[in-house]
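Trainee: The working numbering puts the first residue of the sequence shown at 40, with every later residue one more than the last. Sharing a structure with you now.
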Amino acid sequence: MESRRSFLKAAVTMGAGIWASAKASAEPNPSRAAGGAQPKRAGAKASPSVESPDVPQLAWRRDGNVKEFHLVAEPVKQTVLPGRTLDLWGFNGNAPGPTIQARQGERVRIIVENRLPEPFSMHWHGLEVPFEMDGTPGTSQKPITPGGRFVYEFTLHQEGTFFYHTHMAMQEMMGLLGAFILHPETPYDPPVERDFVLMLQEYAVLANNTIPNTMEMEFNWLTMNGRAAPAATPLIVRLGDRVRIRLINMGMDHHPMHLHGHTFTVTGSEAGRQPQSTWAPANTVLVGVAQARDIEFTARYPGEWMFHCHLPHHMMNQMSSRVGRELITNGPLSPAQARQLMYHKMEMHNEMEMDVAENAESVPGFPQDAYMQQHVHVAESELEKPETHRLPAGWSRYMQGMMTLVRVLPPALYDEVMTRREPAASSQHAVVQQAVEERP
Ligand SMILES: [Cu+2]
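Put into C-alpha cells, the structure is as follows:
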C-alpha cells in the first residue's frame, strides 16, 4: 500500500507541473555532501516538471536513497498518425520510451529488461557514469540476452537534457530511445513557466508495410515524440510565459528546427546548460544527430505558431516513389495523374472548389504540392483533443511530418484548454503507475 501511495504521489507531482523541492531537500544529497553545489538562491522558483507530449512519464519507486525505475525494451505498435500504426521497438509500450526525470545529485537504479528477440544493451547518452554502467556491449558489459535483465545504478551529478537508447545501431532506427531529464540542484536563471521535451525520429516504411526498413536511407515518416503531424499534440503555453523546449535527435539526419513568430535563445546542449555569455538570438536551431538543444523564449505573441523541421522532405508523410494500383504516391506521375490527385484530395476534404489553376498542366514544374498530399487521409475529427480545442477548421490540412504547433493562448483560452486537459493527463499517469506496479 505504501508503495502504491508513493507511486501516486510521484504521479501527482508530475501532473502538478512542479518538480518536488520540499521533499527532495530532506533527502541526502551526495553532490552537496561532496561540497560541489551552490546554495539555492533566495526566492528561486522550483523547476517545473518537463512535459513530453504524447509520451508517458516513467514512474519510480523509492528504495532508501535510491530512485528505482523499470524499463522494458519490447516490440510496440506505435500509431504515428490515426490509421497508420507502425511495428516499432520501444520501451514500456511506447516509441520513444517514457521520459525519465531525476534531480542532479540523486542516485538512480534502472532495471532494464530485454523482451526483444535479440541481444541489446542500454546506453545513457552523455551521462558521466562508471564504465561498467555505460551500456556498451562487448566492453563495459555483456549484451542483455532476450528475456534477460541488467540493473544499472549510478549517481547523477550533471544537469540538462540527456537521453537513453540501445547501443545496437540498427535497433536505434527501430525507435529505442527515451528522454532522461536531469533537473539542476540550483534552479536555472531565468526561470521558465513551461518546459517541454520533443524527441525527433525518422523511419523508412514502404507504403503498404508497417515495419521500418532500417537499411533504407530515404525516410518517409518523420516523428516528434512518436507522432507525425498533424497528430503531434500541440504545445500549450500561456501568453507571457517563458518557455523551454528541449530537442533530442536520434536518427540519420540533422533537423533545423524553426519556430514561427518568436525569437529564442539556445541555452543548452546535450552536455547541459550553457553559460549565458554564449546565448545568441535565433529562430532556427540545427539539432544534429545524437545532439540535444534547449531553446528558451518568452511567448510574447498570441497565435498558433508552427514549430517544425525546415527540411522540405521532413515536412511530408509517407513519401514514396513507388506507385501501386490503389496507392497514391508522389514520384513519377504524369501532370494529368497529379491533377487527378488534387481532385481526389479535395473530394476527401469535401471541398469541391478548384484550387488548381485552369492552365496548371501547361506550367513547367506543376505539380509540386500535389506530391505532398495526405496519402493516409486523416479526418480532423480524429485529431480532436484538449490541445486542439478551438483551432480553426482546416488547421491540419497543411501539417505533415516533423511539425507541431506552439499555441500561445490568452489567459482565458489557456485556462479553458488546461481544464479540458486535466482528466486525460491524470488518467495517463494512472495507467503508467499501474504498468509499473504490475512488473515483477
Ligand atoms: Cu528534419
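Don't be surprised by glycine CBs; every beta carbon is placed ideally from N, CA and C.
Could you give the first and the last residue of the continuous beta strand (DSSP E) run that contains residue 343?
Mentor: Numbered from its first residue, the sequence shown carries residue 343 at position 304. Looking at the DSSP string, the run of the beta strand (DSSP E) that includes residue 343 is 342-348.
Trainee: Could you check where the beta strand (DSSP E) with residue 18 kicks off and where it finishes?
Mentor: Look at the range of the chain in this structure, 40 to 479, and you will see that residue 18 is not part of it.
Trainee: As a quick exercise: from 341, 278, 250 and 146, pick the residue whose alpha carbon is nearest that of residue 231.
Mentor: Here the question's residue 231 lines up with position 192 in the sequence shown. Nearest of 341, 278, 250 and 146 to residue 231, Cα basis: 278.
Trainee: When you measure from the CB of residue 234 to every non-hydrogen atom of ligand 1, does any distance come out below 7 Å?
Mentor: In the sequence shown, residue 234 corresponds to position 195, counting from 1. Checking the Cβ of residue 234 against ligand 1 gives no.
Trainee: Using only Cβ atoms and a threshold of 6 Å, which residues come within that distance of a heavy atom of ligand 1? Order them by chain position.
Mentor: Counting every residue whose Cβ lies closer than 6 Å to a heavy atom of ligand 1, we get 292, 294, 348, 350, 353 and 441.
Trainee: Along the beta strand (DSSP E) that carries residue 241, what are the first and last residues, could you check?
Mentor: Position 202 of the sequence shown holds residue 241. Boundaries of the beta strand (DSSP E) harbouring residue 241: 233-242, taken from the DSSP string.
Trainee: Let's test the definition: count the other Cβ atoms within 10 Å of the Cβ of residue 209 and tell me whether it reaches 16, buried, or not, exposed.
Mentor: What you label residue 209 is simply residue 170 of the sequence shown in a count that begins at 1. When all chains shown are included, residue 209 counts as exposed.
Trainee: Less than 8 Å between the beta carbons of residue 349 and residue 314, yes or no?
Mentor: Locating residue 349 in the sequence shown gives position 310, where the first residue counts as 1. Locating residue 314 in the sequence shown gives position 275, where the first residue counts as 1. Cβ distance not < 8 Å, so residue 349 and residue 314 don't count as in contact.
Trainee: Specify the secondary structure class of residue 131 as computed by DSSP and reduced to three states.
Mentor: Taking the first residue of the sequence shown as position 1, residue 131 is located at position 92. Note: residue 131 maps to coil in three-state DSSP.
Trainee: With H, G and I counted as helix, E and B as strand and the rest as coil, what does DSSP make of residue 353?
Mentor: What you label residue 353 is simply residue 314 of the sequence shown in a count that begins at 1. In this structure, residue 353 counts as helix in the three-state DSSP scheme.
Trainee: Leaving aside the five residues before and after residue 184 along the sequence, list all residues of the same chain whose C-beta is less than 8 Å from its C-beta, in chain order.
Mentor: Locating residue 184 in the sequence shown gives position 145, counting from the first residue. The answer, listed in chain order, is 153 and 158.
Trainee: Compute the Euclidean distance between the alpha carbons of residue 447 and residue 431, then round it to the nearest angstrom.
Mentor: Residue 447 sits at position 408 when you count from the first residue of the sequence shown. Residue 431 sits at position 392 when you count from the first residue of the sequence shown. So the alpha carbons of these two residues sit roughly 14 Å apart.
Trainee: Closer than 8 Å is the cut-off here; do at least three beta carbon pairs connect the segment 258-266 with the segment 297-310?
Mentor: No, the segment 258-266 is not in contact with the segment 297-310.
Trainee: Could you tell me the boundaries of the alpha helix (DSSP H) in which residue 209 lies?
Mentor: One-based indexing of the sequence shown puts residue 209 at position 170. Start and end: 208-211.
Trainee: If you count every other CB in all the chains shown that lies within 10 Å of the CB of residue 248, and 16 or more means buried, which is it?
Mentor: Position 209 of the sequence shown, counting from 1, holds the residue named residue 248. Answer is exposed; the Cβ neighbour count stays below 16.
Trainee: At least one CB of chain B closer than 8 Å to the CB of residue 239: is that the case?
Mentor: Of the protein chains in this structure there is only one, and it is not chain B.
Trainee: Enumerated in chain order, which unbroken segments of the beta strand (DSSP E) with a length of 3 residues or greater are wholly contained in the segment 285-338?
Mentor: 294-298, 303-308, 323-326 and 331-337
Trainee: Starting from residue 248, follow its DSSP beta bridges and name the residues at the other end.
Mentor: Walking along the sequence shown from the start, residue 248 turns up at place 209. Bridge partners of residue 248: none, in fact.
Trainee: Do the segment 240-260 and the segment 193-207 make contact, defined as three or more Cβ pairs closer than 8 Å?
Mentor: no
Trainee: Going by other Cβ atoms of all chains shown within 10 Å of its Cβ, with 16 needed for buried, is residue 58 buried or exposed?
Mentor: Taking the sequence shown and counting its residues from 1, one reaches residue 58 at position 19. Interpretation of residue 58 is limited by its pLDDT of 45, a score under 50 that renders its predicted location unreliable; the figure taken from the coordinates is listed afterwards. Label assigned to residue 58: buried.
Trainee: Between residue 225 and residue 436, what straight-line distance do the alpha-carbon atoms span, to the nearest angstrom?
Mentor: On the sequence shown, residue 225 is found 186 positions in, with the first residue counted as 1. On the sequence shown, residue 436 is found 397 positions in, with the first residue counted as 1. Roughly 44 Å between the two C-alpha positions.
Trainee: Between the segment 125-137 and the segment 110-117, are three or more C-beta pairs nearer than 8 Å?
Mentor: Taking 8 Å as the limit for Cβ pairs, the verdict is that the segment 110-117 does touch the segment 125-137.
Trainee: Along the chain, where does the beta strand (DSSP E) that runs through residue 153 open and close?
Mentor: What you label residue 153 is simply residue 114 of the sequence shown in a count that begins at 1. First-last of the beta strand (DSSP E) with residue 153: 146-153.
Trainee: Per DSSP, what kind of secondary structure is residue 452 in: helix, strand or coil?
Mentor: The residue given as residue 452 occupies position 413 in the sequence shown. Helix, per DSSP.
Trainee: Could you please give me the residues that DSSP links to residue 125 through a beta bridge?
Mentor: Against the sequence shown, residue 125 aligns to sequence position 86. Beta-bridge pairing links residue 125 to 117.
Trainee: What would DSSP say about residue 161, mapped onto helix, strand or coil?
Mentor: Within the sequence shown, numbered from 1, the residue matching residue 161 stands at position 122. If DSSP states are grouped into helix, strand and coil, residue 161 belongs with the strands.
Trainee: With 16 as the cutoff for other CB atoms within 10 Å, does residue 175 come out buried or exposed?
Mentor: Against the sequence shown, residue 175 aligns to sequence position 136. So residue 175 ends up on the exposed side.
Trainee: Buried or exposed: which applies to residue 262, given that a residue is buried once 16 or more other Cβ atoms fall within 10 Å of its Cβ?
Mentor: To locate residue 262, count along the sequence shown from 1; it is residue 223. By the 10 Å Cβ count, residue 262 comes out buried.
Trainee: Per DSSP, which one or two residues make a beta bridge with residue 268?
Mentor: Position 229 of the sequence shown, counting from 1, holds the residue named residue 268. Looking at the DSSP assignment, residue 268 forms a beta bridge with 440.
Trainee: Can you list, in chain order, the residues of its chain with a C-beta nearer than 8 Å to that of residue 331? Leave out the 5 residues immediately preceding and following it.
Mentor: In the sequence shown, the residue the question calls residue 331 occupies position 292. For residue 331, the CB contacts under 8 Å within the same chain, skipping 5 residues up- and downstream, are 165, 199, 200, 201, 202, 285, 286, 287, 288, 307, 308 and 309 in chain order.
Trainee: Give the straight-line distance between the Cα atoms of residue 238 and residue 397, rounded to the nearest whole angstrom.
Mentor: As a first step, residue 238 must be located in the sequence shown, where it is residue number 199. As a first step, residue 397 must be located in the sequence shown, where it is residue number 358. Residue 238 and residue 397: Cα-Cα distance of roughly 42 Å.
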